[in-house]
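Visitor:
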Amino acid sequence: MTGFRLDKGGLIDRKAPLYFTFDGRAFTGFAGDTLASALISNDVHLMGRSFKYHRPRGVISAGSSEPNALVELREGARKEANTRATMIELHDGLVAKSQNHWPSLEFDIGALNSLASAMFVAGFYYKTFMWPKSFWEKIYEPIIRKAAGLGNASKEADPDKYEKAYAHCDLLVVGSGPAGLIAALMAARSGARIILADESSTLGGSLLNENEEIGGMSGHAWAIGVIGELGSKSNVTLMPRTTIFGWYDDNIFGAVERVNDHVLEPSPYEPRQRYWRIMAKRAVMATGAEERPIVFGGNDVPGVMTAGALRTYANRYAAAAGKSVVVFTNNNSGYRTARDMNAHGVHVEVIIDSRKEPNVDAGGVPVIRGGAIVNVRGGKRVSGVELADHRMIPCDAVAMSGGWSPIVNLMCHRGAKPKWDERIAGFVPPDVGDRFVAAGSAAGRMLLSECLADGARAGTLKGKTPAIPKCRDEAFAVTPLWWVKESTGKAFVDYQNDSTAKDLPLAAQEGYRDIELAKRYTTAGMATDQGKLGNVNAIAILAEATGRTMDQVGTTTFRPYYTPVSFGAIAGPFVGHHFQPVRKTPLHDWADELGAVFVETGLWMRSSWFPQAGEDWLASASREVLATRERVGLCDVSTLGKIDVQGKDAAEFLNRLYCNTFSTLDVGKARYGLMLREDGIVFDDGTTSRLAADHFLMTTTTANAARVMSHMEFCHQAHWPELDVQYVSVTEQWAQMAIAGPKARATLQKIVDKVTLDDTGFPYLAAKEISILGGMTARLFRISFSGEHAYELAVPADYGNLVARSIMQAGEEFGITPYGIEALSIMRIEKGHVAGGELNGTTTAGDLGLGKMMSSKKDYIGRMMAAREGLTDKNRQCVVGIRPFDAADKIRAGSHILKKEDAPSMAADQGYISSVAWSPMLNMWLGLALLSNGRERHGEVVKIFDGVRKIHMFGVICDPMQYDRENKKLHA
Amino acid sequence: MPDNFQRVSPLADIAIQGRFGADHGAPGVTLSVRHPVLIATVIARKGKAKALADALKSWRGATVQWAGAEQYFLLDKPFDEVRKKLEGLASCSDQSHGRVIIRIEGPKVRQVLCKGTPVDLHESGFEIGKSALTQMAHVGVHLTRVGRDAFELSVFRGFSESFWEWLTEKAEEFGYQVI
Numbered sequence: 003m004t005g006f007r008l009d010k011g012g013l014i015d016r017k018a019p020l021y022f023t024f025d026g027r028a029f030t031g032f033a034g035d036t037l038a039s040a041l042i043s044n045d046v047h048l049m050g051r052s053f054k055y056h057r058p059r060g061v062i063s064a065g066s067s068e069p070n071a072l073v074e075l076r077e078g079a080r081k082e083a084n085t086r087a088t089m090i091e092l093h094d095g096l097v098a099k100s101q102n103h104w105p106s107l108e109f110d111i112g113a114l115n116s117l118a119s120a121m122f123v124a125g126f127y128y129k130t131f132m133w134p135k136s137f138w139e140k141i142y143e144p145i146i147r148k149a150a151g152l153g154n155a156s157k158e159a160d161p162d163k164y165e166k167a168y169a170h171c172d173l174l175v176v177g178s179g180p181a182g183l184i185a186a187l188m189a190a191r192s193g194a195r196i197i198l199a200d201e202s203s204t205l206g207g208s209l210l211n212e213n214e215e216i217g218g219m220s221g222h223a224w225a226i227g228v229i230g231e232l233g234s235k236s237n238v239t240l241m242p243r244t245t246i247f248g249w250y251d252d253n254i255f256g257a258v259e260r261v262n263d264h265v266l267e268p269s270p271y272e273p274r275q276r277y278w279r280i281m282a283k284r285a286v287m288a289t290g291a292e293e294r295p296i297v298f299g300g301n302d303v304p305g306v307m308t309a310g311a312l313r314t315y316a317n318r319y320a321a322a323a324g325k326s327v328v329v330f331t332n333n334n335s336g337y338r339t340a341r342d343m344n345a346h347g348v349h350v351e352v353i354i355d356s357r358k359e360p361n362v363d364a365g366g367v368p369v370i371r372g373g374a375i376v377n378v379r380g381g382k383r384v385s386g387v388e389l390a391d392h393r394m395i396p397c398d399a400v401a402m403s404g405g406w407s408p409i410v411n412l413m414c415h416r417g418a419k420p421k422w423d424e425r426i427a428g429f430v431p432p433d434v435g436d437r438f439v440a441a442g443s444a445a446g447r448m449l450l451s452e453c454l455a456d457g458a459r460a461g462t463l464k465g466k467t468p469a470i471p472k473c474r475d476e477a478f479a480v481t482p483l484w485w486v487k488e489s490t491g492k493a494f495v496d497y498q499n500d501s502t503a504k505d506l507p508l509a510a511q512e513g514y515r516d517i518e519l520a521k522r523y524t525t526a527g528m529a530t531d532q533g534k535l536g537n538v539n540a541i542a543i544l545a546e547a548t549g550r551t552m553d554q555v556g557t558t559t560f561r562p563y564y565t566p567v568s569f570g571a572i573a574g575p576f577v578g579h580h581f582q583p584v585r586k587t588p589l590h591d592w593a594d595e596l597g598a599v600f601v602e603t604g605l606w607m608r609s610s611w612f613p614q615a616g617e618d619w620l621a622s623a624s625r626e627v628l629a630t631r632e633r634v635g636l637c638d639v640s641t642l643g644k645i646d647v648q649g650k651d652a653a654e655f656l657n658r659l660y661c662n663t664f665s666t667l668d669v670g671k672a673r674y675g676l677m678l679r680e681d682g683i684v685f686d687d688g689t690t691s692r693l694a695a696d697h698f699l700m701t702t703t704t705a706n707a708a709r710v711m712s713h714m715e716f717c718h719q720a721h722w723p724e725l726d727v728q729y730v731s732v733t734e735q736w737a738q739m740a741i742a743g744p745k746a747r748a749t750l751q752k753i754v755d756k757v758t759l760d761d762t763g764f765p766y767l768a769a770k771e772i773s774i775l776g777g778m779t780a781r782l783f784r785i786s787f788s789g790e791h792a793y794e795l796a797v798p799a800d801y802g803n804l805v806a807r808s809i810m811q812a813g814e815e816f817g818i819t820p821y822g823i824e825a826l827s828i829m830r831i832e833k834g835h836v837a838g839g840e841l842n843g844t845t846t847a848g849d850l851g852l853g854k855m856m857s858s859k860k861d862y863i864g865r866m867m868a869a870r871e872g873l874t875d876k877n878r879q880c881v882v883g884i885r886p887f888d889a890a891d892k893i894r895a896g897s898h899i900l901k902k903e904d905a906p907s908m909a910a911d912q913g914y915i916s917s918v919a920w921s922p923m924l925n926m927w928l929g930l931a932l933l934s935n936g937r938e939r940h941g942e943v944v945k946i947f948d949g950v951r952k953i954h955m956f957g958v959i960c961d962p963m964q965y966d967r968e969n970k971k972l973h974a
Numbered sequence: 010m011p012d013n014f015q016r017v018s019p020l021a022d023i024a025i026q027g028r029f030g031a032d033h034g035a036p037g038v039t040l041s042v043r044h045p046v047l048i049a050t051v052i053a054r055k056g057k058a059k060a061l062a063d064a065l066k067s068w069r070g071a072t073v074q075w076a077g078a079e080q081y082f083l084l085d086k087p088f089d090e091v092r093k094k095l096e097g098l099a100s101c102s103d104q105s106h107g108r109v110i111i112r113i114e115g116p117k118v119r120q121v122l123c124k125g126t127p128v129d130l131h132e133s134g135f136e137i138g139k140s141a142l143t144q145m146a147h148v149g150v151h152l153t154r155v156g157r158d159a160f161e162l163s164v165f166r167g168f169s170e171s172f173w174e175w176l177t178e179k180a181e182e183f184g185y186q187v188i
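If you read the sequences in order, they're chains A and B. Numbered by the numbering used here, the letters in the first sequence go through residues 3 to 974 in order. Numbered by the numbering used here, the letters in the second sequence go through residues 10 to 188 in order.
1. Just the Cα atoms here: how many angstroms apart are A:W249 and A:G822?
2. Which of the residues in the stretch 720 to 735 of chain A, read from start to end, lie with their CB under 7 Å from any CB of chain B?
3. For B:Q186, go through chain A and note every residue whose CB falls closer than 7 Å to its CB, in chain order.
4. By DSSP, does A:M829 sit in helix, in strand, or in coil?
5. Excluding the 5 residues preceding and the 5 following B:G125 in the sequence, name in chain order all residues of the same chain whose CB lies nearer than 6 Å to its CB.
6. Return the CA-CA distance between A:D904 and A:V943, expressed in angstroms with no decimal places.
7. Does A:Y250 have its Cβ less than 9 Å from a Cβ in chain B?
8. Could you give the DSSP three-state label for B:W175: helix, strand or coil?
9. Please tell me whether A:S921 and A:I831 are closer than 9 Å, where the distance is taken between their beta carbons.
10. Report the three-state DSSP secondary structure of B:V38 (helix, strand or coil).
11. Please give me, in chain order, every unbroken run of the alpha helix (DSSP H) with length at least 4 that falls completely inside the stretch 89 to 143 of chain B.
12. Give the straight-line distance between the Cα atoms of A:K902 and A:A919, rounded to the nearest whole angstrom.
13. For the beta strand (DSSP E) containing A:A169, name the first residue and the last one.
14. For A:P886, which of helix, strand or coil comes out of DSSP?
15. Would you mind reading off the limits of the alpha helix (DSSP H) that contains A:P180?
16. At least one CB of chain A closer than 9 Å to the CB of B:T153: is that the case?
17. In three-state terms, what does DSSP make of A:C414?
18. In three-state terms, what does DSSP make of A:G31?
19. Output the distance between the C-alpha atoms of A:M3 and A:V434, rounded to the nearest integer angstrom.
20. In three-state DSSP terms, what is A:C661?
21. For A:E654, decide whether its Cβ has a neighbour in chain B, counting only Cβ atoms nearer than 9 Å.
22. List the residues of chain B whose Cβ lies closer than 8 Å to the Cβ of A:M670, in chain order.
23. Whole-angstrom Cβ separation of A:I196 and A:N237, contact assumed at under 8 Å?
24. Any idea if A:Q614 is buried or exposed, counting beta-carbon neighbours within 10 angstroms, 16 or more meaning buried?
25. Could you give the residue range of the beta strand (DSSP E) that holds A:I517?
26. So which residues on chain A does B:A31 lean against when the C-beta distance must stay under 9 Å?
27. Quick one: is A:D646 near chain E, going by C-beta distance under 9 Å?
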């Protein structure tokens, strides 16, 4: 042995040295190392400081349960805090730093907390920060916030990509140890679709770590053979570096694949991580078992680790955790470590077995029976151990084994609780049915032969379970020892939270006897490792303190995620401008060419205004209004929902959906329609045209298009399945544009084929299929939202830009102007047309001044409820127009309306302003408001109170229609 | 009414031909935009589902894709012809301009699509000609298997640019070409 790297053995590639730094110091490791094994082989054991007492800490485990060796991995924007050194695959150029210390890992002022440890007992926060109350916000909270957490997050945006994906299989095998491998093999040979996932970088599970013998060869060689066979099959997907983190309804599993966490920088074409949802017909939990620490004084000093971890570092990574090892065990695992270390040429001082009469082959190492380590000597590294009889044994590493806990987490994610098994002294998984079964040591089978038999059974989807290969078994026996009470030093139950053995009896004494309460009170089992190592010890100590059995105390609730999942993986690709899809209208390019500024409306990008040099939005929108009202304007209205409604009963269907009647509508005509919800409140509005006796084209507001469609589906399927009616969204088929203004007719006439657009050929509310530009099929509607003489023209979407450009050309001689939805909004407010501000889910048809539309001759959705007293009360807030009393004042949407003499109060509130606009026609701000009994109050001077800006002014209530009240322009 | 105007695909300037993404030899997938295309939504009138299905089955040259209960997308026939042929059997709506169809094909096609759809596209259960209504990257997609390793993805026109961007990004790791 040179240094702490064993001369031979291990699954590392000694021809591939890798260079990395830890806390700024340069080190060398090999391909196949983890950061933890590479540091150990370089005799670095101090890897971090603990959370509360800032105790020096090293590696305890060799896997994903690691609570101590948490480091900041990488630098800059790619920095990742609290990363487990035991799971980081070493790669060239890796940079890692230790956490939670100041000024340095070696010398940390925070360690002074230890001196005050009498204060930091269970419930410390609750006891200390209760009083004085005034201290909470200014003093306590900032201190706690500063102390909380371990590593520091990068404040920069993550430069890497993440993605999501779905997978399907007949059998998902979680874990690739002996049970998982043979389960996958049996199932794969039957031709079923298999996914085999393992959190480690290499498949093989415990066969990578242990000296086993299967089928006359080493366990590792057998694993390579099986993995080779699996890998050659097209029905098998192997997923190393993939943690199955949760089990959900209908046998769906969540997983994170660490695609590129093991490289310095991912390829620009590949994600760092992939978040999987795996839909498995059946699944096998072959997750293995976790070795528990024993609770004794100084069981956290760097150099103390689980017996299995110690031999894993030697067997798999050829790294010796020390030159002189003491083993402390209550089961046979410690002996295995002693024998393996001996075989590697590492001196094992003694095995201290808490059992009085163990019967195990110690491989020549002396055994102290019925003994216990009381305290570990050493600060930043083990220097020796002290036994109950005060004997001192010098050593530089301690291997401890408190028994094995089946890793039952996944099977408990949907609420089932594990059961205590006295024989193995561990919680075994619950029976959750045959779609998800446990196999191997995860199911409490502690012998290799049992694991293989169990796995083979679980993987046999049909027929008889084939014979399994012969193997060598390592005897299993355990006698629980949870806590060495003679310890005088701190004995940790939960390393990550610095919870000690004394905290749990204290919690019980103070009334927190329930394991869930004790967890919160002591913090044992919290934080990133969720008590993977400490929970069973905590339950046992609490059971003893309260005189209950393990089953009576039970476990805390198991929830996903099994190990921490990054926010990047959860967000997937849906960040930045991919947060939601962008929806563009068929006239987008046309508007873009004319310099439109676009605004998001739901997912749509709508042209909002078309500024010319030097114009702000208001100047632009005002000019667009003036041009439209004086000449002609063109506006993209393609986003309105369009639904084709056809069938023998189409008219009847519409009669029932709308509060007004559509069966009387003539073919070739359009009608404004109002839809109510079941509760009598207005749902949506729009014009609907009759293209043929059995064919209507409904339009909806942009915002409600999808909602109206599902409303129709529901009504048809649930209420009136007898109707012969079919409907489908045709929103995207048509590019639709409004052409409005005194010159609209003249402009359109130039591109329309054959039809004469006069009041006989194409009267108000005409809706017809026509032809334009010498042969293009189009639909023309004479409808108006602006109050001008106006048309809406719909053409097949691929022609949209072409037609818009043609209309601009045709209208050039009349001074045509493109206008956006800001100008559209100004014009509808001038005309008192209701929109989103008024159709806000609280208003009735009556409130909107549309009460007369509600038919009394037929039934329709919302009719009954609309007649309720509260919905017909004359004091309801209804739509009115409002102007500032002083025309120079600016009124604002959201301002409340009070009687002229009242001071602002909830009781005095009369209503509020729902929409405002600067009217270029009237040269003042004007708006629409919802005002109590408003229709009777036209002409009243009211107080307008803007509670946000704390200003008030006076206003005058008027008719909602404030411009062209005789509708002369509409019918011009 | 046949017309002689130039149809412009919303992906005309977006789906640029060429070879993109990682280079692992042959491209993992090949993408193309089917344009111009003729599409009609066809929904059976009450009680006519069987008659409609029969009429569609025997219609030569028409591509019929399932698109919901008693509902189909009918491709490759002019809309006037569709309406005439199915009169009394179905309500028909022209969608030729309303949807954009992207064809994706190649050895890695399922690895790309599984990043978006929860539908199991394994050949054992999703035979050629089968369609599904699904969502990929928050966009509603009508998906049809059209060949051994070939699928057509039909989306609302307005989403096509956004969807193309997402889809090509998901194909990058395998290398893709646009034809």
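Don't be surprised by glycine CBs; every beta carbon is placed ideally from N, CA and C.
Guide: Straight from the coordinates:
1. 50 Å
2. D726, Q728, V730, V732, E734, Q735
3. Within chain A, no residue comes near B:Q186; the closest Cβ sits about 14 Å away, beyond 7 Å.
4. helix
5. M145, A146
6. 12 Å
7. no
8. DSSP places B:W175 in helix when its eight states are reduced to three.
9. yes
10. strand
11. As far as the stretch 89 to 143 of chain B is concerned, its whole alpha helix (DSSP H) runs of at least 4 residues are 118 to 122.
12. 23 Å
13. 164 to 176
14. Per DSSP, reduced to three states, the secondary structure at A:P886 is strand.
15. 180 to 191
16. no
17. A:C414 falls in the helix class under three-state DSSP.
18. strand
19. Reliability of the predicted coordinates at A:M3 is poor, the pLDDT of 46 falling under 50, and the value obtained from them is presented with this limitation in mind. For A:M3 and A:V434, the distance between alpha carbons rounds to 49 Å.
20. coil
21. So no, A:E654 is outside the interface.
22. It is Gly, not Met, that sits at residue 670 of chain A in the sequence shown. What A:G670 touches in chain B: nothing, since even the nearest Cβ is about 18 Å away.
23. 6 Å
24. It is exposed - the Cβ of A:Q614 has fewer than 16 other Cβ atoms within 10 Å.
25. That residue, A:I517, is in no beta strand (DSSP E); its alpha helix (DSSP H) goes 517 to 524.
26. S269, P270, Y271, E272
27. The structure shown contains no chain E; its protein chains are A and B.
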